[in-house]
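Undergrad:
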Amino acid sequence: MLGFFGQRTRTGQGSGLNQGGDTIASEDEKIALLKQSIDDAPLIWKGDYPYFIHPLTDGVPRQESELLAAARDLVMQKVEWQGIDVILGIEAMGLPLAAALSLASGKPLVIGRKRGYGLPGEYAIDQSTGYSKGEIYLNDIGVGERILLVDDVVSTGGTLEPILRAISALGAVVADCWVIFDKDDGMQRLRDLFTCPLNSLLKIAIIDGKTVVMD
174 MLGFFGQRTR TGQGSGLNQG GDTIASEDEK IALLKQSIDD APLIWKGDYP
224 YFIHPLTDGV PRQESELLAA ARDLVMQKVE WQGIDVILGI EAMGLPLAAA
274 LSLASGKPLV IGRKRGYGLP GEYAIDQSTG YSKGEIYLND IGVGERILLV
324 DDVVSTGGTL EPILRAISAL GAVVADCWVI FDKDDGMQRL RDLFTCPLNS
374 LLKIAIIDGK TVVMD
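Take the sequence shown: its letters are residues 174 to 388, numbered as in my numbering.
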């Protein structure tokens, strides 16, 4: 691991995870690894909106396999997999975790894309966040399917809210939802709107110009 653009050290040594990302660490060690990565994350501003830079939310700096494996394993042990039919990962940075969960669980993966294809049944969603606007397109989600929704971070909830509504409109069910980081009050706002499970690995906030983990 490393600080932002800092000196890189070899991974897989003394971390409890080998270089292939296989799990030999405890849950506490995985949580500690995620917390340390937040301590190393710099902060930038886009207008009046604070935005933290992190490997699992931005791909900068590089995603070390041990960090992605920690997030994967923490979610894997919390999901009731017999109640999941398909994983829905949200482009772009929800995809690394969603793909890792698909490989580990054997569940199929569909992707909420920022580009439409015009296929039959495609569902277009207006997407607004604290710093951008656009659309997300859903394909190949069947009526009655039980969805595990996966994304990297919730800030305002502007991405997930219309996706949650779209899944319901398609006749599917959000059986579970996991994000890595719950920033500020976005997740709580979503919990006030929806009855489906909405979960995160870490609650974070920006305080005095620094991203911190909220215990």
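Don't be surprised by glycine CBs; every beta carbon is placed ideally from N, CA and C.
1) Answer with buried or exposed for Ala342, where buried requires no fewer than 16 other C-beta atoms within 10 angstroms of its C-beta.
2) Measure the beta-carbon distance from Arg362 to Gly330 and round it to whole angstroms, keeping in mind my assumption that it falls under 8 Å.
3) Using the beta-carbon count (16 or more within 10 Å), is Glu253 buried or exposed?
4) Relative to the C-alpha of Ala205, which candidate in Arg235, Tyr296, Leu247 has its C-alpha closest?
5) Given this structure, state the Cα-to-Cα distance separating Glu264 from Pro370, to the nearest angstrom.
6) Quick check: the stretch 315-327 against the stretch 214-221, are at least 3 beta-carbon pairs closer than 8 Å?
7) How long is the line joining the alpha carbons of Gly382 and Ala273, rounded to whole angstroms?
8) In angstroms with no decimal places, state the Cα-to-Cα distance between Leu270 and Asp324.
9) Please say whether Val386 and Lys251 have beta carbons closer to each other than 7 Å?
10) Taking the beta strand (DSSP E) that Glu200 belongs to, which residues open and close that run?
11) Going by beta-carbon coordinates alone, are Ala339 and Tyr310 separated by less than 7 Å?
12) Put Arg362 into one of helix, strand or coil per three-state DSSP.
13) Restricting to runs no shorter than 4 residues, where is the alpha helix (DSSP H) found entirely within the stretch 237-301?
14) Do Ser275 and Ile298 have their C-beta atoms closer together than 7 Å?
15) Assuming Leu216 is part of the alpha helix (DSSP H), what are its boundary residues?
16) Would you mind listing the beta strand (DSSP E) stretches within the stretch 316-342 that are 3+ residues and don't spill past its ends, in chain order?
17) Check the C-beta distance from Ser199 over to Pro228 and give it rounded, since I have them as a contact under 8 Å.
18) Let me know the secondary structure DSSP gives Asp388 once reduced to three states.
19) For Leu357, collect the residues of the same chain with a Cβ closer than 7 Å to its Cβ; drop the 5 residues on either side in sequence, then sort them by chain order.
20) Taking 6 Å as the limit between beta carbons, can you name the residues of its chain near Asp349, skipping five residues before and five after?
21) Per DSSP, which residues does Ile377 bridge with? Please list them.
TA: According to the structure shown:
1) exposed
2) 5 Å
3) exposed
4) Leu247
5) 21 Å
6) no
7) 32 Å
8) 8 Å
9) no
10) Segment 200-212 is the alpha helix (DSSP H) holding Glu200; no beta strand (DSSP E) there.
11) no
12) helix
13) 238-249, 268-278
14) no
15) From DSSP, Leu216 is part of no alpha helix (DSSP H) but of the beta strand (DSSP E) over 216-219.
16) 319-327
17) That belief does not hold up - the Cβ atoms of Ser199 and Pro228 are roughly 21 Å apart, past 8 Å.
18) coil
19) The question names Leu, but residue 357 is Asp in the sequence shown. Once the five neighbours on either side are set aside, the close Cβ partners of Asp357 are Ser328, Ala378.
20) Val252, Leu321, Pro370
21) Lys356, Val386
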